[in-house]
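Asks: Each residue of the sequence shown is one higher than the one before, starting from 561 at the first, in the numbering used here.
Glycine residues also receive a C-beta, built at the ideal position from the N, C-alpha and C atoms.
On a predicted model such as this, the values are computed, not experimentally measured, just so you know.
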Amino acid sequence: MDMPAPHISSPDYVTSFSFDYIETYSFQRGGDYQLRSNVISAELDTLKIRSENEGLSTDEQERYAYLNNVYYKVGQCIIDENGQFHQSAIKTNTFKRQTAEVDRLITILNIPAVNIPYWMCAPVYRDAVVFYDKDGNITSTLNVCLGCEYMAIQPSEEINADAEAYRLIKQFFIDLGHQVQDDKPTVI
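1. Who pairs with ILE704 in a beta bridge, going by DSSP?
2. Against chain C, with Cβ distances strictly below 8 Å, would GLU709 count as a contact?
3. Which runs of the beta strand (DSSP E) spanning at least 3 residues fall entirely within the region 613-675, listed in chain order?
4. Using the three-state DSSP reduction, which class does SER578 fall into: helix, strand or coil?
5. Would you mind reading off the limits of the alpha helix (DSSP H) that contains ALA725?
6. Just curious, the beta strand (DSSP E) that ASN720 is in, first and last residue?
7. With a threshold of 6 Å on Cβ separation, who are the neighbours of SER611 within its own chain once the five nearest residues in sequence on each side are excluded?
8. Please report the residue range of the beta strand (DSSP E) in which HIS567 lies.
9. Does the separation of the CB atoms of ASP687 and LEU669 fall below 8 Å?
10. Going by other Cβ atoms of all chains shown within 10 Å of its Cβ, with 16 needed for buried, is LEU602 buried or exposed?
11. I need the DSSP call for MET561, collapsed to helix, strand or coil.
12. What separation, rounded to the nearest whole angstrom, lies between the Cα atoms of PRO571 and LEU627?
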């Protein structure tokens with residue numbers, strides 16, 4: 561039996577570490593990403609059919625597993641378990657700690673998590689904030705799914721945030737130039 565993922569409130573999260581600057585990212589979106597996904601999807605379909613009918617070579621099995629993990633794993637984050645940025649990550653901004661943009665983000669994350677949204681869908685993180693220390697080491701990551709109003713540090717560490725925080729963080733990303741869609745959650 562799987563244990564439920566731990567949750568931390570957004571105010572507790574934002575005060576749990578220190579940082580000197582942030583970078584904002586957009587990922588898993590855009591024309592190039594969609595085109596690549598379509599090509600990968602076709603390759604995955606071919607490998608799946610071949611695996612069911614005639615079997616796959618060792619190299620093909622490895623490729624099939626890799627493509628499933630990299631492109632279709634639910635809840636992909638900006639940084640994977642190997643410490644690598646998502647292949648579609650596009651850095652949109654960098655801000656030092658003592659800027660109005662960072663103060664705005666901290667204010668948003670400090671909204672008490674009272675009205676927590678609960679959608680019955682799997683998150684697709686498309687926006688992220690990466691926090692760094694003065695030496696350029698990552699101190700934390702914040703992955704955001706605006707479609708189903710979900711945040712996580714990583715798949716096993718979820719963040720509870722208030723519905724108002726999601727409205728404000730969406731506007732924050734829009735103001736920074738992210739191509740935020742008005743995606744509504746897809747109920748599974």
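Replies: The relevant details are as follows:
1. The sequence shown places Val at residue 704, rather than the Ile named in the question. VAL704 is bridged to ASP687, MET711.
2. The structure shown contains no chain C, having only a single protein chain.
3. 650-656, all fully within the region 613-675.
4. Here SER578 sits in coil by DSSP.
5. Start and end: 723-735.
6. ASN720 -> beta strand (DSSP E) spans 717-720.
7. Leaving aside the five residues that flank SER611 on each side, none in its chain has a CB nearer than 6 Å to its CB.
8. Under the DSSP assignment, HIS567 falls in the beta strand (DSSP E) whose first and last residues are 567-569.
9. It is not a contact, given that the beta carbons lie outside the stated cut-off.
10. Here residue 602 is Ala; the residue named in the question, Leu, does not match the sequence. Counting the other CB atoms within 10 Å of its CB gives ALA602 a total below 16, which places it among the exposed residues.
11. At MET561, the pLDDT of 38 sits below 50, so the modelled position is not reliable and the matter cannot be decided from this model.
12. Note on geometry: alpha-carbon atoms of PRO571 and LEU627 lie some 36 Å from one another.
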